[in-house]
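So for the sequence shown, UniProt numbering puts the first residue at 1; every next one is plus one.
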Amino acid sequence: MNNYMNFLSQKLLPIATKIGNQRFLVALRDSFIATMPVVMTGSIALLMNAFLVDIPDQFGLQGITEAFQWWVTINNLVFKGSISIVSLLFVYCLGVNVAKIYKTDTLSSGLVSLAAFVIAIGDSVTSSIDASGLKGVDLVTAFKDSGVTVSGSSLNVTISGLLPGTQINSNGYFTAIVIGFLAAIIFCKLMLKNWTIKLPDSVPPAVAKPFLSIIPGFCALYSVAILTFVFEKLTGSLMIDWIYKVLQLPLLGLSQSFIAVVLVAVLTQFFWFFGIHGGNVMAPIMEGVFGVALLANLEAYQKHEAIPYLWTSVSYGAFVWYATLGLLIAIFWKSKNEHYREVAKLGVAPVLFNIGEPVMYGLPTVLNPLLFIPFIVCPAVMSSVAYIATSLGLVAPVTQNVTWVMPPVLYGFFSTGFDWRAIVLSLVNLALATLIYLPFVKMADNELEKAG
């Protein structure tokens, strides 16, 4: 076992460390994190509406919804200004974080990335209206010169001069990543090459600084505009639609497979075992793929539509990441080792709020060969059980963005929109984690007793 651990630490961990520290992946991770205050506020608004609309509706208490309709409306406004425009928020943050890499003007870089993203998306929305019931009416003649086109028995209404809501929400994430990186890198590179307008020293810095960004910003925005124009002429479609169909949808589809869900859980825990922050290493996948799935579920829930994705980034917190609590239960239940029991007593309060570091480094579980197998097996088993339960419809998919310090069991209940079956699933997974850890805790007891 020790030889195996040495091999992993010497060969694989340097690769994981490089991935975790790759500057553009760090910028991507930090950009997702930077949107959290607004995204979490929108999520809380959606959660409150679940309290005021969905739960009363289940018990025939629509009077509660009617009484608090004013607050439901306010929550909807907050949602509209947060989750519904999340791609705009993200692309600005991405521009800022790329500028931090190059040590250039962060504000201008963020604005350039935001403007470039708007350039790359559409500026109109088309809706189709079924007019089959209008018998005896010549639709082509009736709507001539009105801006409404006719296709068979459907009226196609196009409204121009706006930002399409379906492109600035979670659907636009991958386009925001591609265009945000492109525009910000062009801007920052030209800033470093001093393609700038320099004013005399007598000009106040507050006035002179924006002038330095004009030429790099001009070049970045026109580069994206030309690329967008050429792409649309060659393909006949918007770049954002192409990226969504070719890149975003396939990646999200792959993320929903059983193997992908379990593999991410195992890899995250694997890095943690060696003292590397697994969440940071896996953040580009966790937030860039599963996080986008979460936002799509949030929007579908808000609109009372079918939930598109079985598994999201919050699904791990709801049903997987509390395996350490199972370890503590196993220690309290069977361990006679004073050190283990003392660490468990000190760690139980933090673990109840999903803070596992005191136990991980106190026992320790990090680099502890005796606990390596359950440390890896627990998240694999828990994610498997939760995925199968969700896919079979035994538990509702996660539709709420719950803060990560929500205690286990409640985490699953809240994140699934108050599905009581999530409580059962959470308790089942906790029992499984306890049973998996139990023999290894006994083994560790025996080994520590032999060692004196």
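We put the beta carbon where it would ideally sit given N, CA and C, even for glycine.
This structure is a prediction, so every number in the text was calculated from the model and none was measured.
- About 4 Å separates the CB atoms of Arg-29 and Ala-283; that is less than 8 Å, so the two are in contact.
- Excluding residues up to 5 positions away in sequence, Thr-196 lie with their Cβ nearer than 6 Å to the Cβ of Leu-212 in the same chain.
- For Ile-388 and Met-382, the gap between their C-alpha atoms comes out near 10 Å.
- Between the region 315-331 and the region 407-414 there are three or more C-beta pairs closer than 8 Å, enough to call the two in contact.
- A Cβ-Cβ separation of about 6 Å places Ser-170 in contact with Glu-299 under the 8 Å criterion.
- Note that the C-beta distance between Met-191 and Thr-104 is below 8 Å.
- By a beta-carbon distance limit of 8 Å, Thr-35 does not contact Val-112. Their separation comes to about 18 Å.
- A check of alpha carbon separations from Ala-50 across Asn-76, Val-39 and Ala-380 identifies Asn-76 as the nearest.
- In terms of Cα proximity to Pro-369, the closest of Pro-37, Met-286, Asn-429 and Phe-270 is Phe-270.
- Burial check for Ser-426: the Cβ neighbour count within 10 Å reaches 16 or more, so the residue is buried.
- Counting along the chain, Ile-373 sits inside the alpha helix (DSSP H) bounded by residues 372-391.
- DSSP places Thr-434 in the helix class (H, G or I) of the three-state scheme.
- Under the Cβ criterion (8 Å, minimum of three pairs), the region 431-442 counts as touching the region 371-386.
- Here Thr-312 is not near Val-359, since their CB atoms are 8 Å or more apart.
- Using a Cβ distance threshold of 8 Å, Leu-163 and Val-118 count as a contacting pair.
- Burial is judged here by how many other beta carbons sit within 10 angstroms of a residue's own beta carbon; Ile-185 has at least 16 and is buried.
- The beta carbon of Gly-347 sits closer than 7 Å to the beta carbons of Leu-328, Pro-358, Val-359 and Gly-362 from its chain, once the five residues preceding and following it are set aside; these are given in chain order.
- The C-beta distance from Met-40 to Thr-399 rounds to 15 Å, too long to fall under 8 Å, and the pair is not in contact.
- Shown here for Met-406: same chain residues with a beta carbon closer than 7 Å to its own, the five before and five after excluded, namely Phe-414 in chain order.
- Just so you know, the alpha carbons of Leu-247 and Pro-308 end up roughly 17 Å apart.
- Three or more beta-carbon pairs separated by less than 8 Å are not found between the region 288-298 and the region 329-344, which leaves the two stretches without contact.
- For Thr-235, the enclosing alpha helix (DSSP H) starts and ends at 214-235.
- The Cβ neighbour count for Thr-235, taken over all protein chains shown within 10 Å, is under 16; the residue is labelled exposed.
- In this structure, Val-261 sits away from Ile-285, with a CB-CB distance that is not shorter than 8 Å.
- Relative to the Cα of Ser-84, the nearest Cα in the group Lys-100, Gly-288, Gln-302 and Gln-69 belongs to Gln-302.
- Measuring C-alpha to C-alpha distances from Phe-229 to each of Ala-116, Leu-432, Thr-390 and Met-443 identifies Ala-116 as the nearest.
- Taking every protein chain shown into account, the CB of Tyr-244 has 16 or more other CB atoms within 10 angstroms, so this residue is buried.
- Residues Met-239 of the same chain have their beta carbon placed closer than 6 Å to that of Phe-231, with the five preceding and five following residues left out of the count.
- Leu-25 is the residue among Gly-81, Gln-167 and Leu-25 whose C-alpha sits nearest the C-alpha of Ile-101.
- With 16 or more other Cβ atoms inside 10 Å of its own Cβ, Gln-167 counts as buried.
- Closest option to Ser-109, judged by alpha-carbon separation, among Ala-344, Asn-280 and Leu-221: Leu-221.
- With respect to the 8 Å criterion, Gly-81 and Ile-121 are not classified as neighbours on the basis of their beta carbons.
- Inter-residue distance for Gly-95 and Arg-341 is about 48 Å (C-alpha atoms, whole angstroms).
- Going by C-alpha positions, Asn-21 is about 32 Å away from Val-385.
- Counting along the chain, Tyr-173 sits inside the alpha helix (DSSP H) bounded by residues 173-192.
- By the CB criterion at 8 Å, Ser-255 and Val-289 fall inside the cutoff.
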